[in-house]
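In the working numbering, the protein residues as written are 168 to 308. In this text, a Cβ means the ideal position worked out from N, Cα and C, and glycines have one as well. What follows is a single structure, written as structure tokens, with notes after it.
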């Protein structure tokens with residue numbers, strides 16, 4: 168198993184659904200900025216970027232239960248942060264109901280919803296897919 172770009176769309180949808188994450192706004196072209204972990208037949212973990220100017224939404228982060236607590240999620244986040252830097256992203260934002268503590272350990276800071284930049288507030292994840300009780304986190308790259 169290894170990390171790779173452009174994971175299979177159906178595998179991504181299945182893993183996100185298994186982890187109760189939104190899929191309604193995903194399109195195949197969005198996977199250009201997604202990194203998976205696993206192989207062609209089985210996707211074990213996933214994370215993606217939704218680019219918005221110099222900001223980006225870190226989204227669709229999921230790791231299969233069977234491979235959690237092995238550092239794969241941390242490596243995956245570091246790889247997507249590296250990708251974001253290459254794409255000239257200055258700030259990464261994320262919306263989560265379950266992974267707040269994980270991302271705080273990785274240097275993200277919790278922020279208020281109303282301090283989000285307009286381009287992130289305009290994402291479908293923010294406006295309709297994630298509950299208002301979600302935590303909002305940010306990291307300056």
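Reduced DSSP category for residue i - H, G, I as helix; E, B as strand; rest coil
| i | result |
| --- | --- |
| residue 251 | helix |
| residue 285 | helix |
| residue 332 | Limits of the chain in this structure are 168 at one end and 308 at the other, which puts residue 332 out of reach. |
| residue 271 | helix |
| residue 217 | strand |
| residue 314 | Any question about residue 314 goes unanswered here, given that the chain covers just 168 to 308. |
Terminal residues of the alpha helix (DSSP H) in which residue i lies
| i | result |
| --- | --- |
| residue 185 | 176-185 |
Sequence-distant residues of the same chain with beta carbon closer than 7 Å to residue i, five excluded per side
| i | result |
| --- | --- |
| residue 200 | 215, 216, 218, 250 |
Beta bridge counterpart(s) of residue i as assigned by DSSP
| i | result |
| --- | --- |
| residue 276 | 305 |
| residue 172 | 202 |
Residues near residue i by beta carbon distance below 6 Å, same chain, minus five either side
| i | result |
| --- | --- |
| residue 275 | 304, 306 |
| residue 289 | none |
Pairs of beta-carbons, one from the segment 254-265 and one from the segment 210-228, closer than 8 Å: are there three or more? yes
So does the segment 231-250 actually touch the segment 199-218, counting three or more Cβ pairs closer than 8 Å? yes
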